[in-house]
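J.: Quick one: this structure, given as structure tokens, is what I'll be asking you about.
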Amino acid sequence: MLTNIRGKRILCRVDFNVPLNEQFEITDTTRIDRTVPTLMSLLNEGASLVLMAHFGRPLKKKKEDGTIDVEKFTLKHVVPYLSKAIGKEVSFVSDCIGEEAIKATTNLKPGEVILLENTRFYPEEKNGDVDFAAKLSKHGDAFVNDAFGAAHRAHASTSVVASFFEPEHKAFGLLMQAEISNARKVMKNPARPCVAIFGGAKVSDKIKLIERFMDFADTIIIGGGMSYTFFKAMEGSIGRSLCEDEYVDLAADLIERAKEYNVQLILPSDSIIADDFSNTANLKVSASGEIPEGWMGLDIGPKAISHIQDALRQAGTIIWNGPLGVFEMSNFAKGTMQVAQSIAANDGFSLVGGGDSVAAVNASGVADKIDFISTGGGALLEFLEGKKLPGIEAIEG
Ligand code: AMP
């Protein structure tokens, strides 16, 4: 973090992209809560804060008359909760650049906090426009980036703005620091055995991640919809289960590569299969490569659960991304929930990331037993894939 910030205005990029209900109330405050330690630490050192963030996709979801739906996409909705969370009144400016905004942030006193309006009201934000970023930079004497969830975007407020600050005047916030160091810990020096569990719908989304983990994981567990592309690659019958035909060859290649690299690849040997994609469908247990015509695998089966539990019990490091079944439906949630609990029961280091896996950990009531829960979805995946994230590069150089 920065030093000597007493009396300084800190422009802080935060991730306040929280879900709202129809009354515009926040239904999950995690993203705000996780950045509070950064904000409190800066305030306690005598700084004032200008907070900037994006919120949803206001330019993609315009009103019928072509104007921005300000009521729906204003960051004003987070002000009451944020004020409560930091124990201080937060002022709000209904623009993020322009005279009004500059006037409001110029004379901030130590301890004062201002939240700027949604940066994505301007197309320049996503375009990474340099002039727009220059205008944003005028709000601070120094810049702190605590928005890991947006670090994979080369946007004006996430990366370009940092170029207007000297190295000694820009830094990561505490959350961003923790995200980076925990992800690096897994990739660089994991306690062994290192076990990665990847689930979710599509192989195509996770293929780079699986390839990358071949380099350093001891065991890779694949579950969820994407496992059936692997069973197809082994010439199994998968009925109507999810399958990406164009990835079958690549899946076969990965199976071979795991042998070559001496990585244990665990695919769920059995599945809970259903005759319809519905919570009221008929169910039975089947070997995952012997699914009858008309049926589909929607969760991992009991043998697979116990096999995965054995692998997790011995793990020194566990990383988990993606549900192992259609956990949104109660009949297909068991595999995902049991895995969440087994990760929590493990004594090694555990890192869980991605909205669905985090939701499963929370629903299982074991969040406090996970060593690190990432706030990044896409950002975490790209970081683990080994990509350089613009939001990180802009600070680290
Ligand atoms: P992803 O965004 O790729 O992590 O995928 C998450 C989605 O995968 C969730 O909505 C799950 O319902 C879905 N999913 C997990 N397992 C299966 C499965 N066996 N068949 C179909 N969808 C699945």
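Take any residue in the sequence shown, count from 1 to its spot, add 9: that is its number in the numbering used here.
For each residue, glycine too, the CB sits at the ideal point set by N, CA and C.
What does G306 pair with, by DSSP beta-bridge criteria?
T.: I282
J.: Can you tell me the Cα-Cα spacing of A296 and V99, whole angstroms?
T.: Whole-angstrom Cα-Cα distance: 56 Å.
J.: So, A160 versus D24, is the Cβ gap smaller than 7 Å?
T.: no
J.: Sorry if obvious, but does the Cβ on P277 come closer than 6 Å to a heavy atom of the ligand AMP?
T.: For the ligand AMP, not one heavy atom lies less than 6 Å from the Cβ of P277.
J.: Evaluate the contact criterion for the segment 116 to 129 versus the segment 53 to 63: three or more CB pairs, one atom per stretch, below 8 Å.
T.: yes
J.: Closer than 6 Å to a non-hydrogen atom of the ligand AMP - does that hold for the CB of D365?
T.: yes
J.: What's the call for T115, buried or exposed, on a 16-neighbour Cβ count within 10 Å?
T.: exposed
J.: Among all the DSSP beta bridges, which residues are the ones paired with F181?
T.: Partner(s): N154.
J.: With DSSP as the reference, label F240 as helix, strand or coil.
T.: helix
J.: DSSP state of T47, grouped into three classes?
T.: helix
J.: Is it the case that the CB of A369 approaches a heavy atom of the ligand AMP more closely than 6 Å?
T.: no
J.: Taking the alpha-carbon positions, what's the S166 to P46 distance?
T.: 21 Å
J.: Would DSSP call F358 helix, strand or coil?
T.: In the three-state DSSP reduction, F358 falls in the strand class (E or B).
J.: Please report how far the alpha carbon of R322 lies from the alpha carbon of A354, in whole angstroms.
T.: Going from the Cα of R322 to the Cα of A354 covers about 8 Å.
J.: Which residues share a DSSP beta bridge with M61?
T.: R22
J.: Check N191 in the structure and name its three-state DSSP category.
T.: helix
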